[in-house]
Amino acid sequence: MNKKDNTHPHTSAIRQQMERTQYREHSNPMFLTSSFVFPDAETMAATFTGEADGIIYSRYSNPNTDELIQKVCSMEGAEDGFATGSGMAAIFGSIAAFLESGDHVISSRAVFGSTHQILSQLLPRWGITHTYVEPDKVDEWEQHIQSNTRMIVIETPSNPGLALIDLEKVGALAAKYDLILNVDNCFATPYIQKPMEYGAGLSVHSATKWMDGQGRVLGGIIVGKAELIEKVRFFCRHTGPAMSPFNAWIISKSLETMHVRLERHCENALKLAQFLEGHSKISSVRYPHLPSHPQYDLAKKQMKMGGGIVAFELADGLAAGRRFLNAAKMCSLSSNLGDTRTILTHPASTTHSKLTEEERRAVGIMPGLIRVSVGLENIDDIIQDIEQALEA
Ligand SMILES: *Cc1c(COP(=O)(O)O)cnc(C)c1O
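Sequential numbering from 393 applies to the sequence shown in the working numbering.
This is the structure we're talking about:
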């Protein structure tokens, strides 16, 4: 499926296209069909056994999801992939396709709230254990590897604390112990960061965020090495988290403009971070490409740009956080991110509210932490709204 060529990944995202129908359409049609027909019983049988290529049923694959996956494979440098109905379905599928009772996972402590719930509440039901490790101390991870460790789960940059994980080091560790390195690459996107180049076996996305980029549909993507995706496909075909062809059509179209959108998201985010850094009401600002980020050198090395998320902490904590959110006039209060519209979130009371206060503090989610998903509005308007809300 993976068409190898030398074009730039974003050119592939624009030009890679499913075969045209007899109507010679320029923009890709949507295939809202649950199943596909066969000319005869022999072809149908051969397609089911895999002797013949062909699309059977949209829970397995569909022209729209196939096209989307091909594009993401080109962008990530991955061999194959599978599209799911949400980012969490992708994360669960990428873990559950491989682990058996008795297996152990090494996971960064700073993972998405629902990923944390999968590791701590669901996997133990099936006898799968995990150890949390510190994202910025990869040198210490080796000592936590057990004889039954099968997978390393990481997210970089992390949501919402923007902690980074050294992909080169963790890739080397995974190779040394023959572990599957499973990277949530949602915050960076394949335009900014390519985990496969560092030895990741799987790169997983919530396509709901920057890939759609317009806050319309949910989606998840798993891409990676062909032999791993084979197992993911088996697991997902039979458990049924397939992405809808409609959502795949939307997200595939969105990928055509993702590089341009991200350039502006990142430019706006850096300007906002620079503005916030000097503000008296703010005790700290986090942005990967801001020199004050504790892992700035690493961010420069493995991330082409700083991403569209800025996190900052209000000096006066939780109460100041609530006042700030209520005073925002233009920016939206929402739990989503990666939209054209600037969105403000208070992680401690929303996305990460299921964690204990202690668990939140351990991953840098302080009571006054605000996450800004910086949109595509004029940066002066974004700064002005945030500035007036800070004064309130
Ligand atoms: C949003 C998000 C997810 C979950 O994706 P959904 O599409 O909401 O299921 C997973 N990881 C990260 C880093 C996210 O931001």
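Idealized CB from N, CA, C, for every residue including glycine. The model shown is predicted, which means the values in this text are computed figures rather than measured ones.
query: Within 8 Å, strictly: CB atoms of GLY553 and ALA502; result: yes
query: Near ligand 1: GLY612 beta-carbon under 7 Å from a heavy atom; result: yes
query: Backbone CA spacing between VAL766 and PRO739 [nearest angstrom]; result: 16 Å
query: Separation of MET697 from LYS395, as counted between CA atoms; result: Legend: pLDDT at LYS395 = 48, less than 50; position of this residue unreliable, value from coordinates given subsequently. Near 27 Å, if we compare the C-alpha coordinates of MET697 and LYS395.
query: Helix, strand or coil at ILE544 [DSSP, three-state]; result: strand
query: Minimum C-alpha distance to GLU778 - residue among ALA661, LYS692, THR457; result: At residue 778 the sequence reads Ile, which differs from the Glu that was named. It is ALA661.
query: Proximity of ASN358 and MET422 at Cβ, strictly below 8 Å; result: With the chain represented from 393 up to 784, any question about residue 358 goes unanswered, as that position is not in the structure.
query: Among THR507, LEU556, GLY473, nearest to ASN454 - alpha-carbon criterion; result: GLY473
query: Opposing strand residues paired with ILE614 [DSSP bridges]; result: PHE474, VAL596
query: Ligand 1 heavy atom lying under 7 Å from the CB of PHE474; result: no
query: CB of ALA580 within 8 Å of CB of GLY699, strictly; result: yes
query: Presumed contact (8 Å Cβ cut-off) between LEU800 and GLN687, rounded CB distance; result: With the chain running from 393 to 784 in the structure shown, residue 800 is simply not present.
query: Residues of its chain near TRP518, where Cβ-Cβ distance is below 7 Å and the 5 sequence neighbours each way are ignored; result: SER493
query: Any non-hydrogen atom of ligand 1 within 7 Å of LEU554 CB; result: no
query: Chain C within 8 Å of GLY494, Cβ atoms only; result: Absent from the structure: chain C. Only one protein chain is present.
query: Check: PHE579 C-beta below 7 Å from any heavy atom of ligand 1; result: yes
query: PHE504 - DSSP class collapsed to helix/strand/coil; result: coil
query: Close Cβ partners of GLY563 (< 7 Å) along its chain, the five nearest in sequence each way excluded; result: LEU573, TYR590, GLY591, ALA592
query: Segment limits, beta strand (DSSP E) that includes ASP689; result: Here ASP689 belongs to no beta strand (DSSP E); instead the alpha helix (DSSP H) covers 688-694.
query: Option in MET467, LEU664, ILE537 with minimal Cα separation from SER595; result: MET467
query: Reduced DSSP category for MET393 - H, G, I as helix; E, B as strand; rest coil; result: No answer about MET393 holds up, because its pLDDT of 41 lies below 50 and its placement is not dependable.
query: Extent of the continuous alpha helix (DSSP H) run through LEU454; result: Just to set this straight, residue 454 is Asn in the shown sequence, not Leu. Note, ASN454: premise wrong, no alpha helix (DSSP H); not H, not E.
query: heavy atom of ligand 1 below 7 Å from LYS746 C-beta; result: no
query: Residue burial classification, PHE638 (beta-carbon count within 10 angstroms, cutoff 16); result: exposed
query: TYR415 versus TYR452 - alpha carbon distance; result: 26 Å
query: Close beta carbons around ALA640, own chain, < 8 Å, minus the five adjacent residues each side; result: ASN454, ASN456, THR457, GLU459, LEU460, ALA475, GLY611
query: Neighbourhood of ILE520 by C-beta, 8 Å cutoff - its chain only, sequence neighbours within 5 removed; result: LEU491, GLU492, SER493, GLY494, ASP495, HIS496, VAL497
query: Simplified DSSP assignment, three categories, for HIS418; result: coil
query: Contained alpha helix (DSSP H) runs [length at least 4] in the stretch 736-770, N- to C-terminal order; result: 749-754
query: HIS402, enclosing alpha helix (DSSP H) - first and last residue; result: 401-407
query: Cβ separation of GLY709 and ILE762, assumed to be a contact under 8 Å, to the nearest whole Å; result: Between ILE762 and GLY709 the Cβ distance is about 11 Å, and since that is not below 8 Å, they are no contact.
query: Minimum C-alpha distance to ILE775 - residue among GLU659, SER726, PRO683; result: GLU659
query: Buried or exposed (CB count within 10 angstroms, at least 16 for buried), LYS529; result: exposed
query: Helix, strand or coil at PHE704 [DSSP, three-state]; result: strand
query: For ASP531, the three-state DSSP class (helix, strand or coil); result: helix
query: Ligand 1 heavy atom lying under 7 Å from the CB of GLY607; result: no
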